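Chemist: Our numbering runs 288 ahead of the 1-based position in the sequence shown.
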Amino acid sequence: MYRIDGKKISNLMMEENREKFEKYKPKLAVVYVGDSPSTLSYIKSKSKIAQNYSIDIKIVNFDEKVSEEKFLTEIESISKNKDIDGVIVEKPLPEHLDIKKVSEVIDYRKDVDCITPTNYGKLITDDFIIAPSTPMAVINILKYENIDFTGKDVAIIGRSEIVGKPLSLLFLSKKFGGATVTVLHSKSKDIPEFTKRADIIVTAVGKPFFLTKEYVQNNQPILIDVGINYFEGKIVGDISYETYQYSKVYTPVPGGVGPVTVSTLFKNLLILKENYG
Ligand SMILES: NC(=O)c1ccc[n+]([C@@H]2O[C@H](COP(=O)([O-])OP(=O)(O)OC[C@H]3O[C@@H](n4cnc5c(N)ncnc54)[C@H](OP(=O)(O)O)[C@@H]3O)[C@@H](O)[C@H]2O)c1
289 MYRIDGKKIS NLMMEENREK FEKYKPKLAV VYVGDSPSTL SYIKSKSKIA QNYSIDIKIV
349 NFDEKVSEEK FLTEIESISK NKDIDGVIVE KPLPEHLDIK KVSEVIDYRK DVDCITPTNY
409 GKLITDDFII APSTPMAVIN ILKYENIDFT GKDVAIIGRS EIVGKPLSLL FLSKKFGGAT
469 VTVLHSKSKD IPEFTKRADI IVTAVGKPFF LTKEYVQNNQ PILIDVGINY FEGKIVGDIS
529 YETYQYSKVY TPVPGGVGPV TVSTLFKNLL ILKENYG
């Protein structure tokens, strides 16, 4: 059993691109609504890394009660600003703000988290140059750990638009070889039947300690935990600690997928700047 160090991978990704960051000095607009402490702490950690790599972050905050019309107009205007290279709108948004509408007003050339229909569609046609940062972070972790998943059995638990679904497309992509992918969700009949034979299991469920040893016994899989859950005053993942000992390799929470998501986002910013800036 080996514990993957997401922070180390994140630093490595940033250092590998240091010269490019310093050459391009990309500018990222980070938009958020309200004042949720978890969003603020996420933005703070992004800003801290950015400072070290000549990445300029412009933080734009909206009141919880902002009208959808005003919000969309402002996002469109930020996205059109020639001085801005990328825009990210932090989720979750209040219920009256529809992320689908937001995705339609962002210029795909500034769409650093790959939410626009153009960039998202390119995942299906396999001609993408960027991918949503959290699922791409999973692929980056495997790449940096030299784990080739070509032809492997992958079980993803979760089918959301931001994690599970795009991750299934990345695992299938010919760019990375191509795994055999099963996507499981709340309507799936017998999840252990699939996870017990998987080489790699990714959890993106949002339920503390969802994955227990009964799901993995004897097949020693690679476990990647995307979950971020607040449980008894601390941050925990979707995988129970006990399950780690039945794995070949695992990512912890915190310190696994989270930090690599941030470096993947900055890598996306660089790719957009290099291609369209
Ligand atoms: N590390 C990062 O950077 C990062 C980024 C984004 C999200 N996250 C975390 O990742 C987790 C998932 O996020 P998300 O946005 O994908 O969440 P989401 O939209 O709530 O999706 C959760 C998925 O889990 C499935 N699910 C729920 N209960 C289940 C059960 N009992 N059995 C099987 N499947 C079940 C749901 O199935 P249905 O579709 O059938 O409802 C859904 O597909 C959260 O903890 C979130 O905080 C982390």
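In this text, a Cβ means the ideal position worked out from N, Cα and C, and glycines have one as well.
Predicted model only: the values in this text are computed from it and were never measured.
1. List the whole-angstrom C-beta distance separating Ile292 from Ile429, where the pair is believed to meet the contact cut-off of C-beta under 8 Å.
2. Kindly provide the chain-ordered list of residues whose Cβ lies closer than 7 Å to any non-hydrogen atom of ligand 1.
3. Given that a residue counts as buried once 16 or more other Cβ atoms are within 10 Å of its Cβ, and exposed if not, what is Pro547?
4. Tell me which same chain residues have a C-beta within less than 8 Å of the C-beta of Ile376, skipping the five on either side of it?
5. Identify which residue in Glu392, Asp351, Ile527 has its Cα closest to the Cα of Glu364.
6. Leaving out five residues before and five after Ile412 in sequence, what residues of the same chain have Cβ atoms less than 7 Å from its Cβ?
7. Closer than 8 Å by C-beta to Gly374: which residues in its own chain qualify, once you throw out the five before and the five after it? Chain order, please.
8. On the DSSP bridge list, what partners appear for Val319?
9. Flag this pair as touching only if the segment 496-508 and the segment 525-545 have three or more C-beta atom pairs under 8 Å; answer yes or no.
10. Would DSSP call Asn577 helix, strand or coil?
11. Tell me, which residues are paired with Thr539 by DSSP?
12. By the three-class DSSP mapping on this structure, what secondary structure does Ala467 have?
13. What three-state label does DSSP hand Tyr330 in the structure shown?
14. Compute the Euclidean distance between the alpha carbons of Asp414 and Asn407, then round it to the nearest angstrom.
15. Could you check what DSSP says for Thr500 in three-state terms: helix, strand or coil?
16. Given this structure, state the Cα-to-Cα distance separating Val504 from Pro480, to the nearest angstrom.
17. Please state the DSSP three-state secondary structure of Asn305.
18. Is Leu460 closer than 8 Å to Val471 when the C-beta atoms are compared?
19. Run through the DSSP bridge pairs and tell me what Phe519 is partnered with.
Modeler: So, to answer that:
1. Confirmed, about 6 Å.
2. Counting every residue whose Cβ lies closer than 7 Å to a heavy atom of ligand 1, we get Thr422, Ala425, Ile445, Gly446, Arg447, Ser448, Ile450, Val451, Gly452, Leu472, His473, Ser474, Lys475, Ser476, Ile479, Ala492, Val493, Gly494, Lys495, Phe498, Val514, Gly515, Ile516, Asn517, Asp526, Val545, Gly546, Thr549.
3. With 16 or more Cβ atoms within 10 Å of its Cβ, Pro547 is classed as buried.
4. For Ile376, the CB contacts under 8 Å within the same chain, skipping 5 residues up- and downstream, are Leu316, Ala317, Val318, Val319, Val400, Asp401, Leu553 in chain order.
5. When only C-alpha atoms are compared, the closest one is Glu392.
6. Around Ile412: Leu457.
7. Excluding positions up to five away in sequence, the list reads Pro314, Lys315, Leu316, Ala317, Lys398, Asp399, Val400, Asn556, Leu557, Leu560, Lys561.
8. Bridge partners of Val319: Val348, Val377.
9. With the cut-off at 8 Å, the segment 496-508 and the segment 525-545 touch.
10. Outside the displayed span of the chain (289 to 565) sits residue 577, for which this structure offers no information.
11. Answer is none; Thr539 lacks a bridge partner.
12. Residue state for Ala467 is assigned as coil, using DSSP reduced to three classes.
13. The answer is helix: DSSP assigns Tyr330 an H, G or I state.
14. Taking the straight line joining both Cα atoms gives about 10 Å.
15. In the structure shown, Thr500 sits in coil (DSSP, three-state: anything other than H, G, I, E or B).
16. Straight across, the Cα-Cα distance linking Val504 with Pro480 is about 7 Å.
17. In this structure, DSSP gives Asn305 a state outside helix and strand, which the three-state scheme calls coil.
18. Cβ atoms of Val471 and Leu460: not closer than 8 Å.
19. DSSP lists Lys522 as partners of Phe519.
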